[in-house]
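Colleague: A single structure is presented below for examination.
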Amino acid sequence: MIKRQSDPDTAGVEVGHRRLARLYAVLSQVNEAIVRTRDEQALFAEVCRIVAEQGEFPLAWIGLVKERAVVPAASCGPEAVYLAEIRVEVEGELGMGPTGTCIREDRPVVNDDFATNTNTAPWRQPALGHGFRASAAFPFHKDEKPIGALTLYAGRPGAFDPAQVGLLKALCADLSYALAAIADERRRSEAEQALRDSEARYRAFFENLQELVAVCEAVLDNNGKVADLLLLDANDRHLETFGLKREDVIGRRVSAVFGQEAVGEKLDLYSQVMATGRPISYENHFRGRVFSVTLFRIDGKTLAQTGTDITERRRAEEALRTAYAQLVEDDKRKNEFLAVLSHELRNPLAPIKNSLYILGRSALGSDQARRAQAVIARQVGHMGRLIDDLLDVSRVSQGKIQLQRRKLEFGQLVRRTVEDHRATYAAAGIQLDCKLASEPMWLTADSTRLAQVVGNLLGNAVKFTPRGGRVELTLEPQDRAALLCVRDTGVGMTAAVIERIFQPFVQAEETLDRSHGGLGIGLALVKGLVELHGGSVGAASEGPGRGAEFTIKLPLEDAPEQPTPAPHERPVSPRRILVIEDNVDAADSLKEALELSGHQVQVAYNGPEGITKARQFRPDVVLSDVGLPGMDGYQVARAFRADATLKTTFLVAITGYASPEDTQRATEAGFQRHLAKPLSLQALQDLLAAPEAGTRLFIGDEM
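Structure (structure tokens):
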């Protein structure tokens, strides 16, 4: 049997039908890809793959417009390398081909044959080299504007018939729809994310505010007035301040959460803000704290209030006001003290000047001269005690008193101090009674400072007790403490005075004539010294004119196993002494006083003169003022230590600066001892009696 050849026209129709069937399958698969793909780039790649593989095209590519150029976004097919050899634009010569034209004119463009189509001249040779004979380009859109094209290549001329073009045009329409849907979904997703971000920012801002924030809905009565508030939201700061949990308060009325008092007095404020829309700020005192609150309207029924806890600020302001009042009071007392100090220091000057006048006109050793000397001694002693008390109260307040503690029997110290004051009491016409417990009371204490405490209490009592009055001192053990009481029948005190009687510069009675004298620092010094010993002080009075009682308590200790030997005086050997002092009277009088004790003394009135005289005189001891003009005492000491002939000299600093820091500075400069002004001649004699004061030091390799 002879097989009849197929009719060429019939065969072409069958090929066309198969191609259409493949394109229908391509369209179906592209729609499936559109449904499952929500990313533009992934969709472009999937469309190119489906079209190239299922449509049996050697190359399918999607290009996007970037300025003038059409840039490949996705491609698929065995001849995809072709894209690296060409450039496509929307305008100009490189825009005349099917791809550029379809985008520029927004229509499908079919190229039937690269060999004959003059518009494909720029790409003809590469296209033919890859076996391309025909191509078709289809625009697709975004926001109704062409943004790119799907371009297909075939291996035979005239490969794209109208039916295929229609299907491919529909494919690009679906692709445009998909791009619009993806853009809408992205915008919706971005809007939702922006909303979430906005809410998160709002929440972060809301929760991180240091202020207390609450948002409430106004609950109105029949007259449209605010009757209560419904709590809609509150930040963590608000909840933590009042110890609340969010789930327990949100959606509840404020009166139910905080009590009716939290809203009752402020309903008019709430109604006013709701009616006017104008914010109101006020101060709210609630549950023992103070809040600065601002109330404002958010919308027709919603109020918000922000609050700051200003309790500590108010306390600080109150403390500042109190401190200011105290400063004013302190300044007043300071001025009064300076006036009293001036009075007290001037008082001794008159008898001293009178006595000096008498001494200058009396025979040496006469009764007049001796009385004048006694007056001077008393008045200088009085001035010395005033200055010592003033310095001591300052040192106590600054913590610069250093106690010289040793074991002592308190009763003996009290008895000696009482006897020292009997003459004063007798002269004042005041009876002094002393009642001491029979058993010994042992303390580890500074005997000089405790004698000062007891003496100040006795001195205070005699000043404020009139002639014919009585003062009683008692000492007894009480709960492992020594209790000392000084009671008088004097002027007494008010309750206000008792509260501040132990403060510096306070006196129970302030009179113009200053008949009682004193600076008002004796009791402050008592308090400071007693507390340094671990004790306490107290004061009491039944009122003005009814006397006063002062008490001190000091902790007792067990008796020592062996009694402490009493110190004995050491004889003073004559010394060679150089005095360096710019105050001529002070220097010359000290020289004469030392010469009366048998010492050889020379005087220099400034630092350089002192160094020169020291090289000639070779003193055993140098007594140098620190506050010298020009070359001060510290520089003098350093010069002595740097001089090979003087560096072993025993150096003593004489100064009105007597704090521990001053002593340390003197030691660092080279002084071995430090004596405070006004100089105690007894303390100086004790120092000169010490063996080291008569022995020149050996420093370094010197022998």
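This note's numbering puts the sequence shown at residues 23 to 725. Ideal Cβ placement from N, Cα and C applies to all residues, glycine included. On a predicted model such as this, the values are computed, not experimentally measured, just so you know.
Could you tell me if the beta carbon of residue 341 falls within a distance shorter than 8 Å of some heavy atom in the ligand NAP?
Modeller: Absence of the ligand NAP is noted for the structure shown, with no ligands found whatsoever.
Colleague: Are there three or more Cβ pairs, one per stretch, closer than 8 Å when the stretch 467–484 is compared with the stretch 429–443?
Modeller: Counting Cβ pairs under 8 Å, three or more are found: they touch.
Colleague: From the DSSP output, which residues share a beta bridge with residue 97?
Modeller: DSSP output for residue 97 lists 83 as bridge partner(s).
Colleague: Taking 9 Å as the threshold (C-beta atoms), are residue 172 and residue 182 in contact?
Modeller: Cβ atoms of residue 182 and residue 172: not closer than 9 Å.
Colleague: To the nearest angstrom, how far is it from the Cα of residue 622 to the Cα of residue 662?
Modeller: In a straight line, the C-alpha of residue 622 is about 20 Å away from that of residue 662.
Colleague: For the stretch 566–575 and the stretch 493–509, state whether three or more C-beta atom pairs, one from each stretch, are separated by less than 8 Å.
Modeller: Yes, they touch.
Colleague: Quick one: what's got a C-beta closer than 8 Å to residue 239's C-beta in the same chain, skipping five residues either side?
Modeller: Excluding residues within five positions, the ones whose Cβ falls inside 8 Å are 251, 252, 254, 323, 324 and 325.
Colleague: Would residue 676 pass as a contact of residue 646 if the rule is Cβ separation under 9 Å?
Modeller: Yes. Within cutoff.
Colleague: Please work out which residues of its chain come closer than 6 Å, Cβ to Cβ, to residue 688, disregarding the five sequence neighbours upstream and downstream, and give them in chain order.
Modeller: Result list for residue 688: 675 and 696, in chain order.
Colleague: Are the beta-carbon atoms belonging to residue 108 and residue 161 less than 9 Å from one another?
Modeller: Against a cut-off of 9 Å, the Cβ pair of residue 161 and residue 108 comes out as no contact.
Colleague: Which same chain residues, not among the five before or five after residue 154, have their C-beta less than 8 Å away from its C-beta?
Modeller: Same-chain partners within the cutoff: 80, 81, 101, 104, 136, 175, 176 and 177.
Colleague: Any idea if residue 609 is buried or exposed, counting beta-carbon neighbours within 10 angstroms, 16 or more meaning buried?
Modeller: So residue 609 counts as buried.
Colleague: Which residue or residues does DSSP assign as beta-bridge partners of residue 18?
Modeller: A question about residue 18 goes unanswered here, because the residues of the chain that appear run from 23 up to 725.
Colleague: Secondary structure at residue 182, three-state DSSP: helix, strand or coil?
Modeller: Coil, per DSSP.
Colleague: Between which two residues does the alpha helix (DSSP H) carrying residue 433 extend?
Modeller: From DSSP, the alpha helix (DSSP H) with residue 433 extends over 432–450.
Colleague: Quick check: what's the CA-CA separation for residue 712 versus residue 644?
Modeller: Roughly 15 Å separates the two Cα atoms.
Colleague: When the Cβ atoms of the stretch 71–79 are set against those of the stretch 206–225, are three or more pairs found closer than 8 Å?
Modeller: Contact between the stretch 71–79 and the stretch 206–225 is absent, because fewer than three Cβ pairs lie under 8 Å.
Colleague: What does the alpha-carbon distance come out to for the pair residue 346 and residue 337?
Modeller: If I take the Cα positions, the gap works out to 14 Å.
Colleague: For residue 673 and residue 701, what's the separation of their Cα atoms in angstroms?
Modeller: So the alpha carbons of these two residues sit roughly 16 Å apart.
Colleague: In the DSSP assignment, what residue or residues form a beta bridge with residue 302?
Modeller: Paired residues: 317.
Colleague: Under 9 Å between the Cβ atoms of residue 706 and residue 616?
Modeller: Yes, the Cβ-Cβ distance between residue 706 and residue 616 is below 9 Å.
Colleague: Which residues bound the alpha helix (DSSP H) around residue 247?
Modeller: Neither: residue 247 is in no alpha helix (DSSP H) and is coded neither H nor E.
Colleague: Quick check on the burial criterion: 16 or more other C-beta atoms within 10 angstroms. Buried or exposed for residue 320?
Modeller: Exposed, by the Cβ-count rule.
Colleague: Can you give the beta carbon distance from residue 597 to residue 710, rounded, assuming they're within the 8 Å contact cut?
Modeller: That pair is a contact at about 6 Å.
Colleague: So who's on the other strand from residue 324, going by DSSP bridges?
Modeller: The partner list for residue 324 (beta bridge, DSSP) reads 239.
Colleague: Measure the beta-carbon distance from residue 486 to residue 513 and round it to whole angstroms, keeping in mind my assumption that it falls under 8 Å.
Modeller: That belief holds up - the Cβ atoms of residue 486 and residue 513 are roughly 5 Å apart, short of 8 Å.
Colleague: Which one of 230, 624 and 196 has the shortest CA to CA distance from residue 166?
Modeller: Taking only the C-alpha atoms, the option nearest residue 166 is 196.
Colleague: Quick check: the Cα distance between residue 275 and residue 331, rounded to an integer number of angstroms?
Modeller: Taking the straight line joining both Cα atoms gives about 22 Å.
Colleague: To the nearest angstrom, how far is the alpha carbon of residue 405 from that of residue 477?
Modeller: Distance between the alpha carbons of residue 405 and residue 477: 16 Å.
Colleague: Taking residue 426 as the reference, give the member of 583, 467 and 243 with the closest Cα.
Modeller: Answer by Cα proximity: 467.
Colleague: Buried or exposed, going by whether 16 or more other CB atoms sit within 10 Å of the CB of residue 30?
Modeller: Unreliable positioning characterises residue 30 in this predicted model, as indicated by a pLDDT of 49, which lies under 50. The coordinate reading is nonetheless provided below. Under this definition residue 30 is an exposed residue.
Colleague: Tell me, to the nearest whole angstrom, how far the beta carbon of residue 115 is from that of residue 144; I am working on the premise that it is less than 8 Å.
Modeller: The pair is a contact, with the Cβ atoms about 7 Å apart (cut-off 8 Å).
Colleague: Beta-carbon within less than 6 Å of residue 193's beta-carbon, same chain only, minus the 5 sequence neighbours each way: which residues are those?
Modeller: Cβ within range, chain order: 49 and 52.
Colleague: Need the endpoints of the alpha helix (DSSP H) that residue 276 sits in, please.
Modeller: Segment 276–280, the alpha helix (DSSP H) holding residue 276.
Colleague: Select from 68, 685 and 636 the residue whose C-alpha is nearest the C-alpha of residue 666.
Modeller: The shortest C-alpha separation from residue 666 is found at 636.
Colleague: Any idea if residue 357 is buried or exposed, counting beta-carbon neighbours within 10 angstroms, 16 or more meaning buried?
Modeller: With fewer than 16 other Cβ atoms within 10 Å, it is exposed.
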